[in-house]
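*Asks:*
Chains as they are written, first to last, in the working numbering: chain A, 1 to 286; chain B, 1001 to 1385.
#1: Suppose you measure from the CA of residue 254 of chain A to the CA of residue 130 of chain A; what does that come to, to the nearest Å?
#2: Would you kindly report the start and end of the unbroken alpha helix (DSSP H) that includes residue 1200 of chain B?
#3: What do you get for residue 1358 of chain B, buried or exposed, if any count of 16 or more other CB atoms within 10 angstroms of its CB means buried?
#4: Taking CB distances under 8 Å as the criterion, tell me whether residue 183 of chain A reaches chain B.
#5: According to the Cβ coordinates, are residue 1037 of chain B and residue 1226 of chain B closer than 8 Å?
#6: How would you list, in chain order, the residues of chain A whose beta-carbon sits under 7 Å from the beta-carbon of residue 1090 of chain B?
#7: Quick check on DSSP: helix, strand or coil for residue 158 of chain A?
#8: Taking 8 Å as the CB-CB limit, is residue 1177 of chain B close to chain A?
#9: Residue 7 of chain A: buried (16+ other C-beta within 10 angstroms of its C-beta) or exposed?
#10: Tell me, to the nearest whole angstrom, how far the beta carbon of residue 1040 of chain B is from that of residue 1010 of chain B; I am working on the premise that it is less than 8 Å.
#11: Going by DSSP in three states, residue 85 of chain A sits in which element: helix, strand or coil?
#12: Is the beta carbon of residue 1243 of chain B sitting closer than 8 Å to the one on residue 1266 of chain B?
#13: Can you pull the chain A neighbours of residue 1156 of chain B, defined as C-beta to C-beta under 9 Å?
#14: Give the straight-line distance between the Cα atoms of residue 82 of chain A and residue 63 of chain A, rounded to the nearest whole angstrom.
#15: Could you tell me whether any Cβ in chain B is nearer than 8 Å to the Cβ of residue 176 of chain A?
#16: Measuring only between beta-carbons, confirm whether residue 190 of chain A sits less than 8 Å from chain B.
#17: Assuming residue 1015 of chain B is part of the beta strand (DSSP E), what are its boundary residues?
#18: Please name the residues in the segment 148-177 of chain A whose beta-carbon is closer than 8 Å to at least one beta-carbon of chain B, in chain order.
#19: Would you mind working out which of B:1157, B:1007, B:1086, B:1366 sits nearest residue 1066 of chain B, comparing C-alpha positions?
#20: For chain B, check one thing: does any of its Cβ atoms lie closer than 8 Å to the Cβ of residue 194 of chain A?
#21: Just list the residues that DSSP pairs residue 1228 of chain B with in beta bridges.
#22: On the criterion of 16 or more Cβ atoms from any shown chain inside 10 Å, does residue 92 of chain A qualify as buried, or is it exposed?
#23: Assuming residue 1073 of chain B contacts residue 182 of chain A under a Cβ cut-off of 8 Å, what Cβ separation, rounded to an integer in Å, is found between them?
#24: Would residue 1203 of chain B pass as an interface residue toward chain A - the criterion being a Cβ-Cβ separation below 8 Å?
#25: Taking the runs of the alpha helix (DSSP H) that are 4 residues or longer, which of them lie wholly in the segment 1063-1151 of chain B?
#26: Any Cβ of chain B within less than 8 Å of the Cβ of residue 207 of chain A?
#27: Between the C-alpha atoms of residue 1286 of chain B and residue 1273 of chain B, what's the straight-line distance to the nearest angstrom?
#28: Assuming residue 1063 of chain B and residue 1076 of chain B form a contact by the criterion Cβ under 8 Å, report the distance between their Cβ atoms to the nearest whole angstrom.
#29: Any beta carbon from chain B within less than 8 Å of residue 1 of chain A's own beta carbon?
#30: Can you find the residues in the same chain that come closer than 7 Å, C-beta to C-beta, to residue 122 of chain A, ignoring five residues on each side of it along the sequence?
#31: Kindly say whether residue 40 of chain A, judged by its beta-carbon, lies nearer than 8 Å to any beta-carbon of chain B.
#32: Using 8 Å as the limit for Cβ to Cβ distance, is residue 91 of chain A near chain B?
#33: I think residue 1324 of chain B touches residue 1259 of chain B, with their Cβ atoms under 8 Å apart; what is that distance to the nearest whole Å?
#34: Which residues mark the beginning and the end of the beta strand (DSSP E) in which residue 1297 of chain B is found?
#35: Rounded to whole angstroms, what's the CA-CA distance from residue 1032 of chain B to residue 1207 of chain B? Just pull it up for me.
#36: If you drop the 5 nearest sequence neighbours on each side, which residues of the same chain put their C-beta closer than 6 Å to that of residue 1180 of chain B?
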């Protein structure tokens, strides 16, 4: 009797896990097929040919080389752009959100309450609503087809992470802040030396989620970037589609997609704890 | 080394609560002053005002003659030891100790040191100085084996030492302690008390210390300040405060078990003044109550001054009391007595303790009594010679 419960639960979890991993396995299989097999397996739905009996590892090199319009350069440019944007956005989000969260949690100023509410209210605005005004704004600044529209907003904090930092910093004992003040630190020093190191769990969550979001973000780069040299990986993948949206080399697309996903997959395994914790925190964000 | 002067210092919170009212006194250079009182008496607020952690609503605070009202905490040259120690949890003991010194570096920037050789040498020399100071403090407090541990890996007593160490490495003008021993167990508390006293003897730095424990206050302070409801009740050496309490509040707050307070009336005859209560009549020596008009009055007598059994026979006044509970504490015994309507506590030698439930002679010597007016917290009426 005692054993049946866990067994059932495990069976369900295994089934769920298989279901979740299926698309990934499918991608892996297709990425190793020859063009003919890939076409058959995807378009003609001949699932028997899905299993790569003769894996084409060269697909990976071909895929990366053929990304964008110039051989290899397309991929390398896109990779560099993605790395630059993602790194800067992650760092900027942590720094700015924790600073703003610290201010809301620890300093008293006129209008703190209303300002905090207004900031939270920005979370209720879907991104699509601000897309066109933002585009016009960045165009007037001459930033279109540069990476700036993707990076600069991160320096102005993210409402959700500000909220998380504020909640966390509010729990730091007042005496720690006072001790640091007596030890000679001002607000900035206390934020940098005390609050930020103590917020490591929040920063980890913030880093992981921001990384995944920015790395995979397709819409913003698509809207703000036009030329091949500025494309990020998510946009560059699009070069495998023809002008009508059809996919001619599905095996190469899958290979390139897998490579693109790789950092996220690695990150997920490295930071599973933060992912789960972050989802939990998100669930009770109130 | 610093003299602290408080002049009419007051604190009113936004809600209108007056935490401290007109505190005026001077703490001499090198003195160990203890602020003591029940919770909510304003002692911590007063300390935090001296530290600059609370704004001063009214009055002035000077340290070494410099007005400090609007000076930030970090510029007051003070160190503060918090009740919960406030150790930085992400830093090792060594880093905790060095934290304040790092901020006060004359050669702070690592970047500059890359460019200038002079700067680099000075910086290294300064780092060595900081480490030496940290090591010295760690040695003083027996923290050397724990220097690389994080605060969470330390026991309560060790954390407390680190908190004290963090204060002494800075070599400030004034140490401020906010109930630093209240989180320790009783035995450790007594040990640390002796160590703090010893530390003060060695450093000779001005210390202001807050506690709610009267025993701690008496044991540590050169002088103690007794507070209630934001008002200073009495300021004096532990002996003065014990021997000549300024009012019934101080009398009952200081001393364990608490002083016996007996309400009664003062009669002034031709020859003697006489205290009369139910079941008790004591003739007072002429020197006792010069200030008191005849009428209601409160008499106080400390438990150790009540004489029991054979010792009572020589007392000018004696009576028979019912013996209630008898608490044997080893070196001494506390006895609860019923004398008419009065409940008295006596402290006596264990060898001559009375039997529970029996009767016992009790005597009071007029020289041992304190007279107070009968108001709430009645003022002392006995002459304070």
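Yeah, the Cβ is synthetic: ideal placement off N, Cα and C, and Gly gets one too.
*Replies:* A quick look at the data gives this:
#1: 32 Å
#2: 1186-1203
#3: exposed
#4: yes
#5: yes
#6: 197, 198
#7: coil
#8: no
#9: exposed
#10: Not a contact, Cβ separation roughly 16 Å.
#11: helix
#12: no
#13: Chain A residues near residue 1156 of chain B: none, gap ~16 Å exceeds 9 Å.
#14: 17 Å
#15: yes
#16: no
#17: Note, residue 1015 of chain B: premise wrong, no beta strand (DSSP E); not H, not E.
#18: 173, 175, 176
#19: B:1007
#20: yes
#21: B:1231
#22: buried
#23: 5 Å
#24: no
#25: 1093-1103, 1110-1115, 1117-1140
#26: no
#27: 7 Å
#28: 6 Å
#29: Any reading at residue 1 of chain A needs caution, since the residue's pLDDT is 49, under 50, leaving its predicted position unreliable; the model's value is listed next. No, because no Cβ of chain B sits closer than 8 Å to the Cβ of residue 1 of chain A.
#30: 159
#31: no
#32: no
#33: In fact, because the Cβ distance is near 18 Å, the residues do not count as touching under 8 Å.
#34: 1295-1301
#35: 5 Å
#36: 1081
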